[in-house]
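As given, the protein sequences belong to chains A and B, one line each in that order.
When you line the first sequence up against the numbering used here, it's residues 342 to 1097, in that order.
When you line the second sequence up against the numbering used here, it's residues 342 to 1097, in that order.
Ideal Cβ placement from N, Cα and C applies to all residues, glycine included.
Notes to accompany the following structure.
Number of protein chains: 2
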Amino acid sequence: MRETLFSLGNGYLGLRGNFEEGAPVHHNGTFINGFYETWPILYGEEAYGFAKMGQTIVNVTDAKIIKLYVDDEPFYLPAADLQSFERVVDFRGGTLTREVLWKTPAGKLVSIKSTRLVSLEYRHLAAVAYEVTVLNARAPVVISSEMATPLADEDRAGDPRRAHGLRGQVLESQVHYAQEQRLMLSHTTINSRMALACATDHVITTECPYTFKIKCSRNAAKVLYNVDAQPGKPITITKYMAYHKSRTQPPEELCERAEWTLDRALEHGFEVLLASQREYLDDFWQRSDIQVIINPEHARHHNKEIQQWIRFNLFHLCQATARAENAGIPAKGLTGQGYEGHYFWDAEIYIMPFLIYTQPHIARNLLEHRYGMLDKARRRAAELNEQGALFPWRTINGEEASAYYAAGTAQYHINADIVHALKKYTEITGDEDFLNEMLVETARLWRDLGFYSERKKGQFCINGVTGPDEYNTVVNNNTFTNLMARENLWFAAHTIRKLREEKPEHFVELLDKTNLQPDEIEEWQAAADKMYIPYDQQTGIHPQDDSFLEKEVWDFEHTPPDKYPLLLHYHPLVIYRYRVVKQADIVLAMFLLGDKFSLEQKRRNFDFYDPLTTGDSSLSVGIQSILAFEVGHHQKAGEYARYAVLMDLYDVGGNVADGCHIASMGAVWMILVNGFAGMRDYNGRLSFHPQRLEVLQQLRFSLRVRGRVLEVDIREDQVTYILKEGEDLSLYHVGEEIRLTWKDPKAVRQIPNLKA
Amino acid sequence: MRETLFSLGNGYLGLRGNFEEGAPVHHNGTFINGFYETWPILYGEEAYGFAKMGQTIVNVTDAKIIKLYVDDEPFYLPAADLQSFERVVDFRGGTLTREVLWKTPAGKLVSIKSTRLVSLEYRHLAAVAYEVTVLNARAPVVISSEMATPLADEDRAGDPRRAHGLRGQVLESQVHYAQEQRLMLSHTTINSRMALACATDHVITTECPYTFKIKCSRNAAKVLYNVDAQPGKPITITKYMAYHKSRTQPPEELCERAEWTLDRALEHGFEVLLASQREYLDDFWQRSDIQVIINPEHARHHNKEIQQWIRFNLFHLCQATARAENAGIPAKGLTGQGYEGHYFWDAEIYIMPFLIYTQPHIARNLLEHRYGMLDKARRRAAELNEQGALFPWRTINGEEASAYYAAGTAQYHINADIVHALKKYTEITGDEDFLNEMLVETARLWRDLGFYSERKKGQFCINGVTGPDEYNTVVNNNTFTNLMARENLWFAAHTIRKLREEKPEHFVELLDKTNLQPDEIEEWQAAADKMYIPYDQQTGIHPQDDSFLEKEVWDFEHTPPDKYPLLLHYHPLVIYRYRVVKQADIVLAMFLLGDKFSLEQKRRNFDFYDPLTTGDSSLSVGIQSILAFEVGHHQKAGEYARYAVLMDLYDVGGNVADGCHIASMGAVWMILVNGFAGMRDYNGRLSFHPQRLEVLQQLRFSLRVRGRVLEVDIREDQVTYILKEGEDLSLYHVGEEIRLTWKDPKAVRQIPNLKA
């Protein structure tokens, strides 16, 4: 678990928090975003259109190993006599440091200090400074700086959230060489034919006499430093690690790139890297930090602790997204191999809001990356007998990799989720005219997928899909899906019409790309206008789908805690038969499309669904918290918020060992901004409905909106809105419009008491 | 395809109709019913309760190979200059004979005659007499009689009806030896640890001088006859083949058994075997034949042809079932490896009626075999969170082997299908008190699976199941399932109550075995009485399930013929989304439980469902034909009948290469008896409603009912019922009760004109 929490990464490269010495190890891991191997998915019974190839992120060459021997005794942590031990992730410095004082069996005191970083500025680069000092004696010290390429991936079966289909050898050795203190290993994947080069270089700094020698074979290489250590004289090995990968370039080319990266790193030196980390993170925190002060009377925990929890989540968001260029955000970021390094809807729905409001250029990159999948999505739609484009439920390379369609391909809502993020991005950034091709193709899919049902009085119905809730699969008229599809259709119709009127030349270009026909826009509009939204008069709630209310309620009373998550203890047929919900579904719709529900409606739905929701998905509690805030269940909102904030730190889901739940971390940001501060932005209209704070005394964050920077500062029953950058900005405070300007950038308002 | 049609078998052992010479070959096959290998089912994404082990019938040692060389030139059929060629399956003699006249490259004329049989009396035994005569010259003739064990099964992927998961080596060599002209190979399966012995022995009869030698290795053995052939003098090799298998006994034991079998065969000689085949089949045809005379004015085909078609179907039914002891009936019998040699519901619903009315002792064996699976079915129910027992959808060893639950495990109706067959068996044979334990455990499952739904006014609903129609899966309240479950519950309640009153000691025994509680029977009764049966007032039809009418109708108009069967051309999600039916579902219910529908109701349902039914399953047309007869669509009934009769002979489904459709062959019997003759037997009440014949001039068959033998002879507009054996029998002719007695065994009645 700690290996996950102490992971470092930059969205391109991720190193799990294993010790330098390489042992003990649970799951080691070095990941490059989008560097994957494929494997044929075997089905006991196959059917037409099932995903054919699995894709799994590869655990690549581990370059960070540094082994230490004093008097030829290995430093092995579990057996070592430790006088002191500390390990720190510095959220501001972007480093993982460790300080150990080791008493060797011979009674020598050895100080070992290491500082590791994955550069946020130079995304191919990581580095570690490893300093050894024998404090009280002279001793022969051997430091072995190593690289090792895992030949076969660990075999994993059982838990579907962790399992993958890689078997046997994945990486095939290509060029390898060593020169001075520089080591180079390059590999290709056997099936997907991707290439990787991993190189390290070293600087040793010490007053002690030393020699070194190098060894290099196909899958392992090392520099061995043999030092005659003098008492109190530090020996420092600075190791630079470069990773380059490519789908098209040969390993030789990548080796060259890795050499440049190392040349540059050596030229700069470690201190410069540290400074650049700090600089990057200063900017990150200035954009993204959320500051809280805790009311000591109410809180069970210290202020510093809670603030740290929040920053832990934000820091990992940074590490997962910072340099994810030409790539998506894997469900676990680059902190573990869980979910095979796949991109789901997580980025669009859970991480995108954070990015749009704090680092919109990264949000834009992610949307561009989705756009890069459009052609494959077109082909997938055709394979599924539909017009337009259907994005894959889980993928790295743009092809569907879900081997279980009921909770995979059937989640057609992925299309609308992407468009939702696109819409939000354009509304909040003002970046218009962006990726209209995606709108056309997704709208086409919805139009073709649904139909006007006589049995539903001519309304537009969408059958045979799975919504976000994976405990009710392949249903008719999933309310979430229908609502989101409607937004997709409306937005496409509106945007393309506007384009036609305002930018005829862009419109013509779009026609060329999509072969859009004159009546299509009207068809989208009509389908959206007539979209069937399930509603049950009798109970006054929105059923999750057509058959949800026909199901027997799950016997929660007789389900012991160790039977959760249900998916690990009951056959899907059993789960699907009952009225039980894995994760926020309608409740998520009420957040994403909250302007389509009255408050009273939200309350009724929330009260109906909340007791049915197991929260077996980490995507659930965050959204439940936000809605609980909105409908006035403050205590519950607080509890769910606590679960979300501690999801990984306290291993709430029991599977942090497989990686951090990055989407849940995105939800932490949303809980604070959308939950506590009650921010909403339907159709770009920015509004706040802050909660009166109780456990918190103060909550402060800033948002970027169409180039402006807005700071929101909530203290108990008062909120201050400050326009920090930009000329003017309109927002709504509890329904009241406020206009902040360059001249008058600040507004202070009371927070109404909801109970009043 | 011919390899399938010329298959021989006895229900225990099956030999595909490959040529003796072993080439050319498409799919060779030698199968022993229930001799299977297991393999771990891999899932791209696994879930709790998914079937873990696949089971596949093994293609075992091929013992029938006899290669021929004249002047050291091999006799290779495709290249040979054939002066004449004939191959005949004799339905009365139970043999496959071939007569060939071959002109060798050197101009020698060679007559080759072979007669092959799989003994119906000695189920472990097969034999072939192979006679070679060089007619016009002297020539060295080598006859190599061989055995060969396939080391790896052919790799099969793609079509889910054919694919299986065996990879690599399946059989591991055990004892092997040769002595005189006797060869012995024994093997075990690697995973399932079943043992097999296959032995051959030979008799050579000729006036020509000869020598022989033997070779025997682990997986192959042969006797090589070197004959100095004289013109016109036949050389006959009679080869006996014995197969023994066991799940518990070691190969050595089986080798001994095989030796006994061969000893006995040698003692009897080939002629005795031929006579015993004839004797067995005389009895079979006397019990089971259906004779037709065709009206030459109406028919497109000759009388003899149509009669042969019918007998082809009946003959294969015989071969599939005759000696299936301690085993089930695989979907393809023993004619091919399609569906992996698995037992489905086919035996109970499609083959059992034929057996009950013609050879009830075989029907009894099959039901006993199901009973042998009860403990595993109990465990499977527990795994699926249910009480009672759940029989596997597809299996050999009693464990669920369906790797695709939506069209597998979800077919809970298998439970009711088995009980339906059990009920029918006891009603028609008078064999009461049979397997009550099955009734208790199946009824328990239904009671626990369903629930009283408030939304359905307190009626008993069964959610999340798949009916017979595999194009609508995991639905709520599949009408077929609910009706069949109701019958199951009612029958269980009725039978157990009666047992308690009439046979208290048996009842106590049952309590011991099942721990039956006092209120359970009332619960079954109540659930059955309150069973929800979907009915749509608006259209006046029974919807197939709760959501069937909510679906968009499949676009049949724009589906070209080469897109059928749909399952090979559309993703399941696409198929499931539409109103389209793979196979008779409601229509089957209207046959099995026809007394629960009025004629008018049947007509409405039939007319509604028939155009929606693709018949992509071979199980469909037979049932459609029967119902078409009943509701008066005679032309359609005839068309469907034709499809069913020719299913394999004309390869209607395009996959006869994988084996005969045994269930469809059972449906052929039903079409004639239940369709043309309109026989029904609800609750043991035997009734007939014959059709006036048009294409047929005469239809004659006999039935065994509670120890009596009834002959039914229909000629155009007149039917004669004759009690051939037994004291008395009541039956109903178009509603009129007729009592046949020993004194007055015959009744002649007019057939009313339905149109009148």
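- For the C-beta of A:THR750, the chain B residues within less than 7 Å are, from N- to C-terminus, LEU914.
- Along the region 906 to 931 of chain B, going in chain order, the ones with a CB nearer than 7 Å to a CB of chain A are LEU908, LEU909, HIS910, TYR911, HIS912, PRO913, LEU914, VAL915, TYR917, ARG918.
- Residue-level contact check: A:TYR745 touches chain B, since one or more beta carbons of chain B fall below 7 Å from its beta carbon.
- Counting along the chain, the unbroken beta strand (DSSP E) around B:LYS454 starts and ends at 450 to 459.
- Around the beta carbon of A:ARG735, 16 or more other beta carbons lie within 10 angstroms, which makes this residue buried.
- For B:ASN996, no chain A residue has a Cβ inside 7 Å of its Cβ, as the nearest lies near 15 Å away.
- For the region 737 to 789 of chain A, the continuous alpha helix (DSSP H) assignments of 4+ residues that do not extend past its boundaries occur at 754 to 770, in sequence order.
- Collapsing the DSSP output to three states places A:TYR680 in a helix.
- Within the region 814 to 845 of chain A, contact with chain B at the beta-carbon level (separation under 7 Å) is assigned to VAL815, ASN817.
- In the structure shown, A:TRP1083 falls within a coil segment according to DSSP collapsed to helix, strand and coil.
- Here A:VAL633 carries a strand assignment [DSSP, helix/strand/coil].
- Of all residues in the region 387 to 399 of chain B, those with a C-beta nearer than 9 Å to a C-beta of chain A are GLU387, ALA388, TYR389, GLY390, PHE391, ALA392, GLY395, reading in chain order.
- Nearest to A:ALA616 by alpha-carbon distance, out of A:GLY435, A:LEU1027, A:GLY956, A:GLU1066, is A:GLY435.
- With fewer than 16 other Cβ atoms from the protein chains shown falling within 10 Å of its own Cβ, A:GLN1091 counts as exposed.
- What A:ASP887 touches in chain B, judged by beta-carbon distance under 8 Å, is SER888, GLU891, going in chain order.
- For B:ARG796, the C-beta contacts it makes with chain A under 7 Å involve LEU890, GLU891, in order along the chain.
- In the DSSP annotation of this structure, the continuous segment of the alpha helix (DSSP H) that includes A:THR822 starts and ends at 820 to 843.
- For B:ASN726, the neighbours in chain A by C-beta distance under 8 Å run, in chain order, TYR911, HIS912, VAL915.
- Restricting attention to beta strand (DSSP E) runs no shorter than 3 residues, the region 391 to 422 of chain B encloses them at 394 to 398, 403 to 411, ordered along the chain.
- Not one beta carbon of chain B lies nearer than 7 Å to the beta carbon of A:PHE897.
- Chain B has a Cβ within less than 7 Å of the Cβ of A:LEU383.
- Proximity of chain A to B:ALA504 at the Cβ level (cut-off 7 Å) is accounted for by GLU387, in chain order.
- As the crow flies, the alpha-carbon of B:ASN819 is around 20 Å from that of B:VAL962.
- Residues of the region 767 to 786 of chain B with a Cβ closer than 8 Å to any Cβ of chain A: none.
- At a cut-off of 7 Å between C-beta atoms, A:ASN804 counts as an interface residue with respect to chain B.
- Within the region 529 to 582 of chain A, the complete beta strand (DSSP E) segments of 3 residues or longer fall at 536 to 547, 551 to 557, 561 to 570, listed in chain order.
- Your pair B:PHE889 and B:ASN813 checks out as a contact, with CB atoms roughly 6 Å apart and the cut at 8 Å.
- Judged by DSSP in its simplified three-state form, B:GLY355 adopts strand.
- The beta-carbon distance between B:LYS444 and B:GLN424, rounded to whole angstroms, is 6 Å. This is short enough to meet the 8 Å contact definition.
- Counted as a single uninterrupted DSSP element, the alpha helix (DSSP H) harbouring A:PHE932 occupies residues 927 to 933.
- Annotated three-state conformation of A:GLY956 is coil, per DSSP.
- Identification of chain B residues near A:PHE792 by a Cβ-Cβ cut-off of 8 Å yields GLU893, ordered along the chain.
- Contact between A:HIS1074 and A:PHE1029 holds: CB atoms are separated by about 5 Å, below the 8 Å threshold.
- In this structure, A:THR397 sits near A:LEU507, with a CB-CB distance shorter than 7 Å.
- Around A:TRP601, the same chain offers no residue with a beta carbon nearer than 6 Å, after the five sequence neighbours per side are excluded.
- Non-local C-beta neighbours of B:LEU790 in its own chain, meaning closer than 7 Å and more than five positions away in sequence, comprise GLU727, TYR753, ILE803, ordered along the chain.
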